[in-house]
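First up is the structure itself, then whatever we jot down about it.
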Amino acid sequence: MKDLGSSLAALNAFLNGSAGILLFAGWLCVRAKNITWHRRFMASAFVVSIIFLISYLTRFYLSGAHRYPGSGGMKTLYLSILFTHTVLAATVPFLAIRTIYLALKNRISSHRKIAKVTLPIWMYVSVTG
């Protein structure tokens, strides 16, 4: 199980990085008013994030929580990032689903407002994951 846990850790890092890149690409597209590609990139980021969550929960189930091996200032920094990541990660599914829902319902004004909150949080969670 340890090998699978290690493999899932690497997969999770890849998925988080991929989600961050897809989110950034989607943001660039909407800034360029390329809505078709914006939708594609954001939908892809959502799917990748779902796959990440399944993989993360599987890894957690198989190998439990992991402790940071270091100490001192680096551990403090790590725990600070972990805390903010965890709190914000809990909000991402709700924010992402609401943001996508508003877009699908063509409520673009409301979509834009919540997306200005959703994107930076989702990006932070992806990058710090």
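Under this note's numbering, the sequence shown has 839 at position 13, and the numbering climbs by one with no breaks. We put the beta carbon where it would ideally sit given N, CA and C, even for glycine.
Residue from the options with nearest C-alpha to residue i
i    : options                   : result
R865 : T912, K939, L930 and W948 : L930
Y887 : A915, G955 and A835       : A835
F920 : R933, G890 and I876       : I876
G831 : T884, N932, R893 and V874 : T884
Beta-carbon contacts of residue i that lie in its chain and below 7 Å, excluding the five residues immediately before and after
i    : result
V953 : G846
C855 : W863, H864 and F867
beta-carbon residue i near the ligand SAM non-hydrogen atom, thresh 7 Å
i    : result
I847 : The model depicted lacks the ligand SAM and carries no ligand whatsoever.
Local conformation of residue i per DSSP, three classes
i    : result
G852 : helix
K901 : helix
G843 : helix
G955 : coil
K931 : coil
Endpoints, the alpha helix (DSSP H) within which residue i is located
i    : result
Y894 : From DSSP, Y894 is part of no alpha helix (DSSP H); its letter is neither H nor E.
K859 : First-last for K859: undefined, no H or E at that position.
A916 : It is not in any alpha helix (DSSP H) - A916 carries neither H nor E in the DSSP assignment.
Same chain, Cβ closer than 6 Å to residue i, neighbours up to 5 away in sequence not counted
i    : result
Y882 : N838
M868 : G852
R938 : none
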